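Here the structure is laid out as structure tokens; the discussion comes afterwards.
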Amino acid sequence: MNTPAPRDEFVTSQSHSPEEAARARLRGLGSRVTEPRVRVLAVLMQGVDPLSHQAVCDALPDDSGIDRVTVYRVLDWLVTGGIVHKTAGADRVFRFSLAEHDAAREAAHRSHSHFHCTQCGRDFCLEGAEPPAMPKAALPAGFAADHAELTIKGACADCARLGALHKTGNAPCPK
């Protein structure tokens, strides 16, 4: 099991385990605290990159007793509650990432861009890279857009480096 590096302010505290931080976050939001919600949220709070349903399942301990359907339900509940964002990747797989705490940061996060590595399949948030302005003329009459998304595709730094090494015969072909 690969556990991503912590990214949430609750998790970085030395006194809190990821589960304690998730439990505190759910309580702070006035939400019902259940073990599946705590465990799934803890995984997402530790994630640096958006995680697929499968990645969340893989990150849960084998003895968690949480089945795939329960993970889907918890992820849907977290999205509905605004705790987590759900985005579709180029591979049409949904990925989930923690929503921001601060309203201004949340608004900025809603309108940011992504980079999708076509070699390894990872997705990266591009902070500070705003999608292009939404073209009003392109929308049919009566339509009202609320946000735009931009995904840049190519090779991430790791895959680009491996690809360059492969061309020189010094590394195996990346994925």
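Start counting the sequence shown at 1; every next residue gets the next number (UniProt numbering).
Backbone N, C-alpha and C define an ideal beta-carbon position, used for all residues, glycine too.
Quick caveat, the model's predicted, so the values are computed rather than measured.
Same chain, Cβ closer than 6 Å to residue i, neighbours up to 5 away in sequence not counted
i, result
"V74", "P36, R37, V40"
"A42", "P18, E19, A22"
"V93", "S52"
"G154", "none"
"A138", "none"
Endpoints, beta strand (DSSP E) assigned at residue i
i, result
"L150", "150 to 154"
Boundaries of the alpha helix (DSSP H) in which residue i is found, first to last residue
i, result
"R73", "68 to 80"
"H53", "53 to 59"
"R32", "It is not in any alpha helix (DSSP H) - R32 carries neither H nor E in the DSSP assignment."
Option in the options with minimal Cα separation from residue i
i, options, result
"F96", "P140, H53, V69", "H53"
"H16", "Q46, R32, V33", "Q46"
"T119", "L150, D158, G142, A99", "Before going further, note that residue 119 is Gln rather than Thr in the sequence given. The candidate whose alpha carbon is nearest that of Q119 is D158."
"G89", "T70, A24, D49", "D49"
"L150", "A24, R161, V79, C125", "C125"
"G121", "R25, A55, L44", "A55"
"L162", "L44, I152, L139, C117", "C117"
"T87", "L60, T70, D123, D58", "D123"
"I152", "L26, A144, H114", "H114"
One or two residues paired with residue i in a DSSP bridge
i, result
"D123", "H116"
"R95", "S52, T87"
Minimum Cβ-Cβ distance from residue i to chain D less than 9 Å
i, result
"C159", "This model lacks chain D altogether; it includes just one protein chain."
Own chain partners of residue i with C-beta closer than 7 Å, once the 5 adjacent residues on each side are dropped
i, result
"Y72", "H53"
"C57", "R68, V71"
"A103", "Any answer about A103 is weak, because its pLDDT of 46 lies below 50 and its placement is not dependable; what the coordinates show is given next. Contacts found: none."
Spatial neighbours of residue i in its chain, beta-carbon cut-off 8 Å, leaving aside the 5 residues before and after
i, result
"L29", "G81, I83"
"R105", "Interpretation of R105 is limited by its pLDDT of 46, a score under 50 that renders its predicted location unreliable; the figure taken from the coordinates is listed afterwards. For R105, where only same-chain residues beyond five positions count, there are no Cβ hits under 8 Å."
"L78", "R37, V40, L41, L44, V84, F96"
heavy atom of the ligand FAD below 8 Å from residue i C-beta
i, result
"A24", "With respect to the ligand FAD, the structure shown offers nothing to examine, as it has no ligands at all."
* Between the region 77 to 90 and the region 55 to 68, do at least 3 Cβ pairs fall closer than 8 Å? -> no
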